[in-house]
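Q:
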Amino acid sequence: MRILIIASVFPESQSSGAGTRIMEWIHLFLQQGWQVDVACPAAKGEYGDDLAELGVKTHKIRVNCNDFDGFIRKLDPNIVLFDRFTMEEQFGWRVETQCPNALRLMETIDLHCLRQARHQQSKQTHRVALEPKLSDLYGDIAKREIAAIWRCDLSVMISNVEIDILQNTFHIMPELLHHCPFMLNHHDIPKQLTSFDERQHFMTIGSFRHAPNWDAVLWLKQEIWGLIRQRLPNAELHIYGSYAPPKATALHAPKDGFYMEGRAASALDVTQQARICLAPLRFGAGIKTKLA
Numbered sequence: 037m038r039i040l041i042i043a044s045v046f047p048e049s050q051s052s053g054a055g056t057r058i059m060e061w062i063h064l065f066l067q068q069g070w071q072v073d074v075a076c077p078a079a080k081g082e083y084g085d086d087l088a089e090l091g092v093k094t095h096k097i098r099v100n101c102n103d104f105d106g107f108i109r110k111l112d113p114n115i116v117l118f119d120r121f122t123m124e125e126q127f128g129w130r131v132e133t134q135c136p137n138a139l140r141l142m143e144t145i146d147l148h149c150l151r152q153a154r155h156q157q158s159k160q161t162h163r164v165a166l167e168p169k170l171s172d173l174y175g176d177i178a179k180r181e182i183a184a185i186w187r188c189d190l191s192v193m194i195s196n197v198e199i200d201i202l203q204n205t206f207h208i209m210p211e212l213l214h215h216c217p218f219m220l221n222h223h224d225i226p227k228q229l230t231s232f233d234e235r236q237h238f239m240t241i242g243s244f245r246h247a248p249n250w251d252a253v254l255w256l257k258q259e260i261w262g263l264i265r266q267r268l269p270n271a272e273l274h275i276y277g278s279y280a281p282p283k284a285t286a287l288h289a290p291k292d293g294f295y296m297e298g299r300a301a302s303a304l305d306v307t308q309q310a311r312i313c314l315a316p317l318r319f320g321a322g323i324k325t326k327l328a
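Counting in my numbering, the sequence shown runs from 37 upward without gaps.
1) By Cβ distance, which residues of its chain are closer than 8 Å to Met-239, with the 5 residues on each side in sequence left out?
2) Note the first and the last residue of the continuous beta strand (DSSP E) segment covering Lys-93.
3) Can you grab the Cα-Cα spacing for the pair Asp-105 / Gln-134, in whole Å?
4) Quick check: what's the CA-CA separation for Leu-213 versus Asp-73?
5) Would you tell me roughly how many angstroms separate the C-alpha atoms of Leu-327 and Pro-316, rounded to the nearest one?
6) In its own chain, which residues sit with a C-beta less than 7 Å from the C-beta of Pro-77, not counting the 5 before and 5 after it?
7) Hey, Ile-145 and Arg-120 are a contact pair by Cβ (cut 8 Å); roughly how many whole angstroms apart?
8) What residues match up with Ile-275 in a beta bridge as DSSP calls it?
9) Buried or exposed: which applies to Asn-196, given that a residue is buried once 16 or more other Cβ atoms fall within 10 Å of its Cβ?
10) Do Gly-84 and Phe-46 have their beta-carbon atoms positioned less than 8 Å apart in this structure?
11) Where does Arg-163 land, buried or exposed, given buried means 16+ other C-beta within 10 angstroms?
12) Contact between the stretch 146-159 and the stretch 193-211 is defined here as three or more beta-carbon pairs at a separation below 8 Å; is this criterion met?
13) Is Gly-262 buried or exposed, if buried means 16 or more other CB atoms sit within 10 Å of its CB?
14) Just grab the DSSP bridge partners of Asp-119 for me.
15) Using 10 angstroms around the beta-carbon of Asn-137, count the other beta-carbons present and answer buried if the total reaches 16, otherwise exposed.
16) Buried or exposed: Phe-232, going by 16 or more other Cβ atoms within 10 Å of its Cβ?
17) From the DSSP secondary-structure annotation, give me the bridge partner or partners of Arg-38.
18) Between Gln-152 and Gly-175, is the Cβ-Cβ spacing less than 8 Å?
19) Do Ala-178 and Phe-319 have their C-beta atoms closer together than 8 Å?
20) Counting along the chain, where does the beta strand (DSSP E) carrying Leu-190 start and finish?
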């Protein structure tokens with residue numbers, strides 16, 4: 037069995053929850069004894085996972101390029117997994133044409149139209165957005181995302197709530213959707229966790245390329261953290277996240293107990309050091325890796 041994963045970015049499991057999710061799929065397929073290939077239009081970054089060490093072959097592809105047709109035809113995978121609907125838009129029709137017998141799956145990561153609608157509501161109300169207006173939900177992103185779901189043989193959802201929305205609001209047939217929560221490896225969990233008494237302070241973590249995470253940091257800085265410091269004047273908040281831009285690092289304020297720590301070598305390690313993980317997310321979708 038040969039499976040091709042068409043990734044939107046090269047997997048970086050230590051940079052984002054989405055990167056962790058794709059690596060979970062890779063490990064699952066390898067455990068089945070399948071040959072796994074990863075094709076990506078983006079170059080491997082400094083923090084990209086070592087897929088070659090796992091025996092996974094990687095391929096550089098280009099969007100809007102006919103070279104992909106020959107590549108996919110020669111590879112002839114049994115299954116193709118699209119990483120998000122944007123990759124299905126770019127390459128799905130080529131896969132269908134060149135490999136009509138291949139099973140086409142889509143990993144949605146989260147329901148992008150829901151996240152966008154919640155973002156719009158949050159900007160209007162400056163509050164946590166859970167139930168967006170239908171007019172915001174029925175946008176261009178929804179049209180593209182729902183069309184991709186209809187074109188695929190199966191779409192994988194990490195959230196049961198989003199499956200309900202797809203079935204009851206967009207009338208997607210249940211057989212086109214599959215709920216798959218985080219595939220946590222119990223071997224990665226330390227046998228001896230740090231006790232509560234050994235931990236101290238607050239933390240939060242999340243890639244700064246993800247808009248809900250950046251909004252959460254701003255909310256912490258502008259409103260929430262000051263209220264906590266009034267009650268706990270010696271408390272510290274340590275904020276970790278990949279790809280922090282200058283506007284984020286500029287928020288570093290040790291005198292206020294507000295520490296911009298940058299990238300964490302291990303999310304599990306820094307989480308074990310803190311007593312409380314803060315996640316003041318005003319909008320978003322899916323399941324938050326920092327809380328899983």
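Every residue, glycine too, gets a C-beta built ideally from N, C-alpha and C.
A: Taking the coordinates as given:
1) Here residue 239 corresponds to residue number 203 of the sequence shown, with the count starting at 1. Cβ neighbours of Met-239 beyond the five flanking positions: Leu-273, His-274, Ile-275, Tyr-276, Val-306, Thr-307, Gln-309, Ala-310, Ile-312, Cys-313 and Leu-314.
2) Taking the sequence shown and counting its residues from 1, the one referred to as residue 93 is at position 57. Looking at the DSSP string, the run of the beta strand (DSSP E) that includes Lys-93 is 93-96.
3) As a working mapping, residue 105 is identified with position 69 in the sequence shown. As a working mapping, residue 134 is identified with position 98 in the sequence shown. Going from the Cα of Asp-105 to the Cα of Gln-134 covers about 6 Å.
4) Residue 213 sits at position 177 when you count from the first residue of the sequence shown. Residue 73 sits at position 37 when you count from the first residue of the sequence shown. Cα to Cα, the separation comes out at about 24 Å.
5) In the sequence shown, residue 327 corresponds to position 291, counting from 1. In the sequence shown, residue 316 corresponds to position 280, counting from 1. Each residue's alpha carbon lies about 11 Å from the other.
6) Locating residue 77 in the sequence shown gives position 41, counting from the first residue. Answer for Pro-77: Ile-97, Arg-98 and Val-99, listed in chain order.
7) Taking the first residue of the sequence shown as 1, we reach residue 145 at position 109. Taking the first residue of the sequence shown as 1, we reach residue 120 at position 84. With 8 Å as the limit, Ile-145 and Arg-120 qualify as a contact, their Cβ atoms being about 6 Å apart.
8) Counted from its first residue, the sequence shown places residue 275 at position 239. The partner list for Ile-275 (beta bridge, DSSP) reads Thr-240 and Met-296.
9) By one-based count along the sequence shown, residue 196 stands at place 160. The residue in question, Asn-196, is exposed, as its Cβ has fewer than 16 Cβ neighbours within 10 Å.
10) Walking along the sequence shown from the start, residue 46 turns up at place 10. Walking along the sequence shown from the start, residue 84 turns up at place 48. In this structure, Gly-84 lies closer than 8 Å to Phe-46 by Cβ.
11) As a working note, residue 163 is residue 127 in the sequence shown. With fewer than 16 other Cβ atoms within 10 Å, it is exposed.
12) yes
13) Against the sequence shown, residue 262 aligns to sequence position 226. It counts as exposed.
14) As a working note, residue 119 is residue 83 in the sequence shown. Glu-143, per the DSSP bridge assignment.
15) For the purposes of this step, residue 137 is taken as residue 101 along the sequence shown, with counting starting at 1. So Asn-137 counts as exposed.
16) On the sequence shown, residue 232 is found 196 positions in, with the first residue counted as 1. Burial call: exposed.
17) Here the question's residue 38 lines up with position 2 in the sequence shown. Gln-71, per the DSSP bridge assignment.
18) Here residue 152 refers to the residue found at position 116 of the sequence shown. Here residue 175 refers to the residue found at position 139 of the sequence shown. Yes, these two residues count as a Cβ contact at 8 Å.
19) Walking along the sequence shown from the start, residue 178 turns up at place 142. Walking along the sequence shown from the start, residue 319 turns up at place 283. Taking 8 Å as the Cβ cut-off, Ala-178 and Phe-319 do not qualify as a contacting pair.
20) As a working note, residue 190 is residue 154 in the sequence shown. Counting along the chain, the beta strand (DSSP E) containing Leu-190 begins and ends at 190-193.
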